[in-house]
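*Asks:*
2 protein chains.
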Amino acid sequence: MGLSVRWGTTVGDDRDTLLAAFLHAGERADAVIVNGGLGPTVDDLSQEVAARAAGVDLVLSGEWLTTMEAFFQRRSRVMSPNNRKQAMLPETAEILDNPIGTACGFAMDIGKARFFFTPGVPRELRRMLEEQIIPRLLARSGTQTAIRLKRFHSYGLGESHVDALLQGVEELVPDGSAKLGFRAHYPQIETKVTVRGADETDIDAKLAPVVTEVRKRLGNFILAEDDDTLESVILKSLKKQQQGSLTVVETFTSGQIAARIAPLPGAEAVFRRGVVARNVGELWDALALTVPCEITREAAEAVASAARRQSGASHALAVLIDLDDGPDRIDFGGSICLAIATENDVASRRSRILGGREWVRLGAVELGLDCLRRYLYGLPVTERIDFERT
Amino acid sequence: MGLSVRWGTTVGDDRDTLLAAFLHAGERADAVIVNGGLGPTVDDLSQEVAARAAGVDLVLSGEWLTTMEAFFQRRSRVMSPNNRKQAMLPETAEILDNPIGTACGFAMDIGKARFFFTPGVPRELRRMLEEQIIPRLLARSGTQTAIRLKRFHSYGLGESHVDALLQGVEELVPDGSAKLGFRAHYPQIETKVTVRGADETDIDAKLAPVVTEVRKRLGNFILAEDDDTLESVILKSLKKQQQGSLTVVETFTSGQIAARIAPLPGAEAVFRRGVVARNVGELWDALALTVPCEITREAAEAVASAARRQSGASHALAVLIDLDDGPDRIDFGGSICLAIATENDVASRRSRILGGREWVRLGAVELGLDCLRRYLYGLPVTERIDFERT
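Protein chains in written order, with this note's numbering: chain A, 1 to 390; chain B, 1001 to 1390.
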C-alpha cells in the first residue's frame, strides 16, 4: 500500500511482556497492528492488557455480544459461556467488524499510536485488514510518495547467482529510487524491485527499463511475475489450447504435483487424472507397461505416453524418482527422470538432486512443474539448473 | 529445553532499524538469536550492523573463506565473487560452524547479552541451533528448574469447545505449576500442558493426573500426542497389521491426502496407489464402476471397494466432494462423502463443511485421514465434529 512496516514484535501470552510491548510500540510508531489474543480462552489477553496500557476500563460491549449471538445462531450452534469474554472491550475501543468469526477487532489509542487489534485466525485477519484497517491507515497517512513493488518468481538459479546476474540493475534508475531485494523460499526465489516516485507516471517511467533488463538477464528462469504462480501459468497455457488437459504420474512426490494444480478454480476442466505410487512395479501394473521396469528417461517417456493414452489427456507429466538408500542426511539424494508426453511428441530430462528427503521431494515437484511450463511455452526443458548435480 | 523465549523482533534490511533492534535486545536479554542477513547479497547486513553495535571492526576470516571454498569444491561449483562478503566477520566473533551452507554463523557480545547469528535458510538454522547454540545456551543457563511440555493433537473440536472441556484441569496441580495453552491451526488444535518442577520425578508426579484427565475429556478426538502426527499414527497402525497397505482415491483434495502419507519413511511398503480426479465421471471410468455416477455414501463405498480390489491393498480410503457452485466466499461449502473399505467390510460417512474453497479442502483432507485413523483404531467413524453442518 506504500506504507513502510518498520518493526515487528512477537511476545507470549504474558501480561507484563504484552504491556511492555504495547507501550514500546505506542512510543515508536504512528500505527500498530496487534494480531491474536482475542479468543475465548484463558490465555487470550489482548483486550485486558490494551485497557491497562491505555489506562481505561474494560466494559461489556452489548453491540458485539449481539453480533456474536447472531453468528452462532446462523451456524445452528450454541454459544459457549466463555465466548462472552470476547465481548469485553476497552471503553475507548472503536469496533472493527469481523463478519466471519467471533473475535471482535477494535481500534484505540495507546501512547502516540493508533492500535488496531485483530484476530489470530489468518483469514479473519486478512478480511479485517482489507475492509477495515487498510482504509483507515491510508486515510491517516494523508498524501505520500507513490511506491510500487514488482516481483519476479524464478526457479533453478541460486540466490547469489540471481544477485550476480542482476548486478548494476538498480543503477538503471539514476536517482537511487529503485531497490532490489530477494526472498529465497526453496526451491523458488522471488526477486523484488521496489520503486518510489512522485506519482504513477513517474514510477512507470522508472520501472520500465528495470523490468526489461531483469527479464533479459534471468530469461527462461522467470516462471511467473507478480501474483501469477508456476501452477497458474501452466493452467493458463493449457486452457488456451483447444481441449488442453493434463494427467500427472508421481512417485516420491506423492501427489504434491497434482495438489498444486488440480484444486485451482478452472482446473476441473483441465486436470484429468493423477496417479501416485511409491513402488514403480505398481505403476507398471497400473499402466500395463512392457518396457523394462527401471527409472530411466526412456521409462519416464513410456510412463508419460501410456498415462496420456489411458486418460485421453492432451498432456501427461510423469516424474519418477530413484531415491538413495541410507539415512536422511544432507548428502542424501535422488535421481529424477521426468517426461512430458503429447499425442505426437515426448520430452524428457534426468536430474540428480541432493540435500535430504524433503529437499529432494520439494525440488522434484518444482522441477516437474517447471519443465511442464517450459514445454508448454516452447522453452528448453533440459536447461541446467544450479540445484542439480550431473 | 526449559529456557523461556521472551521476545521476538522482526525488522527489515535497514541499517538504522537493525542497529536499534540489536541494542534494545542487548539490554533486555541474556541471550539473543539473530536469524538471517548473513547471505552474499547487498541486502544482507547482519555482520556489518553487529560490528557497529559492538563497536568493533569487520575483518576477513581466513578460516571461513577456506571453509567456503571447500564447500563449493565439494559441490563442483565455482564460488561467485560476492560470496567473499560472507567471510567478513566482526573481530570479536566466535565462529559457529555451518556444515551445510556458505553463511557463517557466529557468536559475540553486544551489551549485556550473548548474540548468536544464524543463517536464514531454515535447515541451516536448525542444524546450527542443535549442534552449536543450544549446548552453549544450556551451559550459560547453569542449574535451573526443570520444565516439560506435553502436547495433545486433536481434530473435530473447536478451540473454545476444547477450552470448555478442559476447565479445571490446571487445578489438578494445586501449586499452580501446570499451565494449559492452545494453538489452533485449522483444522487441528494443539493443547499444550506445561509443567514446571524441582526435577524430572517431581514433574512426572504432577503431570500424570493431568494427562489422564485430558485424555479422558477429549477422548476419541485426540489423534496423536507429542511428536506423533495423524499420518504417523495411521502408518504405524497399517504397519502393525500383516501386509497392511493403503490405496487412496481423491477428488477436490487433489492428492493432498496421499501427500500426507506416501512420502513418509516406511510408507513405501504400505502406500499402494493414489488416484486423483476432479471429475467423478473420470473416476467411474478409471475404476470401471457400474453404480450410478453421483456423490453419495453408497457411491463412496463402491469407489473405495473397487479401488481396493484393483490395487490389492488391505485398506482403501475414498473421499468424494460435491463442491457448491458460486463465488469463493465464507458460505461456500462442499458435501463430503467418504468411505473406507477392507476385504470384508466398508464404513462411510457424509459431512458438510462450509467456509470457502481452501477451508473445505483442508477440512476434507483432515476428515478423511481422521476417519481412517478411527477405523484403524476401532473408534466410531461417524462421531459428530464441530466443523460440520448437518
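Even for Gly, the Cβ is constructed at its ideal location relative to N, Cα and C. Please read all numbers here as calculations on a predicted model, not as lab measurements.
Can you check DSSP and say which residues form a bridge with A/E225?
*Replies:* In the DSSP output, where bridge partners are listed per residue, A/E225 has A/F152.
*Asks:* When you compare each of B/R1084, B/M1079, B/E1124 to B/H1101 by their alpha carbons, which one comes out closest?
*Replies:* The sequence shown places Gly at residue 1101 of chain B, rather than the His named in the question. For the residues B/R1084, B/M1079, B/E1124, the minimum Cα distance to B/G1101 belongs to B/E1124.
*Asks:* To the nearest angstrom, how far is the alpha carbon of A/A87 from that of A/D322?
*Replies:* 57 Å
*Asks:* Based on the DSSP output, what are the partners of B/M1088 in its beta bridges?
*Replies:* B/L1060
*Asks:* Bridge partners of B/A1184, per DSSP?
*Replies:* B/I1189
*Asks:* Counting contacts by CB-CB distance shorter than 8 Å, is A/I330 in contact with chain B?
*Replies:* yes
*Asks:* My assumption, with CB atoms under 8 Å, is that A/A427 sits in contact with A/V319. Please give the rounded CB distance.
*Replies:* Any question about residue 427 of chain A goes unanswered here, given that chain A covers just 1 to 390.
*Asks:* Could you check whether the stretch 1254 to 1262 of chain B touches the stretch 1330 to 1342 of chain B, counting it as contact only if at least three pairs of C-beta atoms, one from each stretch, sit closer than 8 Å?
*Replies:* no
*Asks:* Buried or exposed for B/A1054, going by 16 or more other Cβ atoms inside 10 Å?
*Replies:* buried
*Asks:* Comparing the C-beta of B/D1227 with each C-beta of chain A, is any distance below 8 Å?
*Replies:* With its beta carbon at least 8 Å from every one in chain A, B/D1227 lies outside the interface.
*Asks:* Would you kindly work out how many angstroms separate the C-alpha atoms of B/Q1073 and B/S1080, rounded to a whole number?
*Replies:* 12 Å
*Asks:* Look at the Cβ atom of A/V214, then the Cβ atom of A/L223, and state whether they are nearer than 8 Å.
*Replies:* No, these two residues do not count as a Cβ contact at 8 Å.
*Asks:* B/S1154 and B/L1218 - do their beta-carbons sit closer together than 8 Å?
*Replies:* yes
*Asks:* Is it buried or exposed, A/A339, if we count other Cβ atoms within 10 angstroms and call 16 or more buried?
*Replies:* buried
*Asks:* Does B/K1179 come out as helix, strand or coil in the three-state DSSP assignment?
*Replies:* strand
*Asks:* Shorter than 8 Å from the beta carbon of B/N1098 to some beta carbon of chain A?
*Replies:* No, no contact with chain A.
*Asks:* From the beta carbon of B/R1309, is the nearest beta carbon of chain A less than 8 Å away?
*Replies:* Chain A, which has no Cβ nearer than 8 Å to the Cβ of B/R1309, makes this no.
*Asks:* Does the beta carbon of A/F252 sit closer than 8 Å to a beta carbon anywhere in chain B?
*Replies:* yes
*Asks:* Could you name the residues that DSSP lists as bridge partners for A/V275?
*Replies:* According to DSSP, which records beta bridges pairwise, A/V275 is partnered with A/V249, B/V1275.
*Asks:* Give the DSSP-derived three-state secondary structure of B/F1117 in the structure shown.
*Replies:* Looking at B/F1117 - three-state DSSP - the assignment turns out to be strand.
*Asks:* Taking just the CA atoms, how far does B/V1059 sit from A/E190?
*Replies:* 31 Å
*Asks:* For the candidate residues A/L18, A/A25, A/A21, whose alpha-carbon lies nearest to that of A/R6?
*Replies:* A/A25
*Asks:* Between which two residues does the beta strand (DSSP E) harbouring A/L354 extend?
*Replies:* Looking at the DSSP string, the run of the beta strand (DSSP E) that includes A/L354 is 346 to 354.
*Asks:* Could you tell me if A/L376 is buried or exposed, where buried requires 16 or more neighbouring beta carbons within 10 angstroms of its beta carbon?
*Replies:* buried
*Asks:* CB-CB under 8 Å to B/L1038, same chain, minus the five flanking residues each way: which ones, in chain order?
*Replies:* D1044, S1046, Q1047, Q1086, A1103, C1104, G1105, F1117, T1118, P1119, G1120
*Asks:* Would you call B/H1185 buried or exposed, if buried means 16 or more other Cβ atoms sit within 10 Å of its Cβ?
*Replies:* exposed
*Asks:* Taking B/E1027 as part of the alpha helix (DSSP H), name the residues at either end of that continuous run.
*Replies:* 1015 to 1028
*Asks:* How should A/V78 be labelled, buried or exposed, when 16 other C-beta atoms within 10 angstroms of its C-beta is the threshold for buried?
*Replies:* Exposure of A/V78 is indicated by the presence of fewer than 16 other C-beta atoms within 10 angstroms of its C-beta.
*Asks:* Check the Cβ-Cβ distances between A/F271 and every residue of chain B, and say whether any is below 8 Å.
*Replies:* yes
*Asks:* Could you tell me the distance, in whole angstroms, from the CA atom of A/D175 to the CA atom of B/G1062?
*Replies:* 37 Å
*Asks:* How about the stretch 1228 to 1244 of chain B and the stretch 1298 to 1310 of chain B: do they share at least three Cβ pairs that are nearer than 8 Å?
*Replies:* no
*Asks:* Using DSSP with H/G/I as helix, E/B as strand and the rest coil, what is B/C1293?
*Replies:* coil
*Asks:* For A/C293, does the count of other Cβ atoms within 10 angstroms reach 16, so buried, or fall short, so exposed?
*Replies:* exposed
*Asks:* Please tell me whether A/S141 and A/L3 are closer than 8 Å, where the distance is taken between their beta carbons.
*Replies:* Annotated as proximal: A/S141 and A/L3, with beta-carbon spacing under 8 Å.
*Asks:* When you compare the CB of B/Q1256 with every CB in chain A, is at least one pair closer than 8 Å?
*Replies:* Closer than 8 Å to some Cβ of chain A, the Cβ of B/Q1256 qualifies, so yes.
*Asks:* Which chain A residues sit within Cβ distance under 8 Å of B/G1142?
*Replies:* Residues of chain A passing the Cβ test: none, with the nearest at roughly 23 Å.
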